[in-house]
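> First, the structure itself, so that you have it in front of you.
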Amino acid sequence: SVAAGVYEETLAFGSESDGGVIAGRCADMVQIGPGDDAPIVSVDAGRNGRIELQGVTLAGGDPAISVYQGTLGVTDVGIADSVGEAVTVGGRSASVELTDVAIGGVQPRARSAAGPYGIVVVDGFLDATRVDLVDVAGIGIFLANGDATLTDVSIVDMATDNSGSMGRGIDA
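Sequential numbering from 840 applies to the sequence shown in my numbering.
Structure below.
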């Protein structure tokens, strides 16, 4: 279990990772943020690799979570103030399972025409249960050749850009 505190860390799980659990004491007491403009949690594990993240707040990150291969289970986690995207799922053998997750305050990248997005799924899978997306300056969930199962998901306060585009809950 991760003790209460604020940590500047990047959690990277590569092809040698076939499983693991990062469990914080509770999301209100454990905050993890990157030291730079990088993902806070990145998973590129083996096809059958499964990583669990529980009871923390991810603050910042570009994006906060990035999964390219393997499965990341995320439970009782807050994601705040990400840049570009909060969660990116990209790859045919990549999946993210979000349960009791709050995502808010996603901001655009400097000098970028794309995004921001709360969650981006490209060729991967998203299973979201009891997820709140609030105050994303763009699109809540973007699906491109990916699959998603959404149960009790709330998407509110998506903002448009200066041209009037963006500001959508789901773009598929």
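Positions of the beta carbon are idealized from the N, C-alpha and C atoms, including for glycine.
Contact defined as beta carbons within less than 8 Å: I believe A898 pairs with I890. What is the distance between those atoms, to the nearest angstrom?
Incorrect: roughly 19 Å between the Cβ atoms, too far for contact.
> Would G979 and I994 qualify as a contact pair, given that the criterion is a beta-carbon distance under 8 Å?
Judged by their CB atoms, G979 and I994 are nearer to each other than the 8 Å cut-off.
> Where does R847 fall in DSSP's three states?
This sequence places Glu at residue 847; Arg is not what is there. Here DSSP, grouped into helix, strand and coil, assigns E847 to strand.
> Can you give me the Cβ contacts of P902 inside the same chain, cut-off strictly under 7 Å, excluding the 5 residues immediately before and after it?
P878, S921, G923, E924, A925, V926 and T927
> Check whether the Cβ atoms of Q893 and G863 sit closer than 8 Å, and answer yes or no.
In this structure, G863 lies closer than 8 Å to Q893 by Cβ.
> Taking Cβ to Cβ, would you say V940 is nearer than 8 Å to I918?
yes
> Output needed for N984: all residues of its chain with C-beta closer than 7 Å, excluding positions within five of it in sequence on either side, in chain order.
V961 and D962
> Going along the chain, which residues of its own chain have a beta-carbon closer than 8 Å to the beta-carbon of S856, five neighbours each way excluded?
V882, A884, G885, G888, I890 and G909
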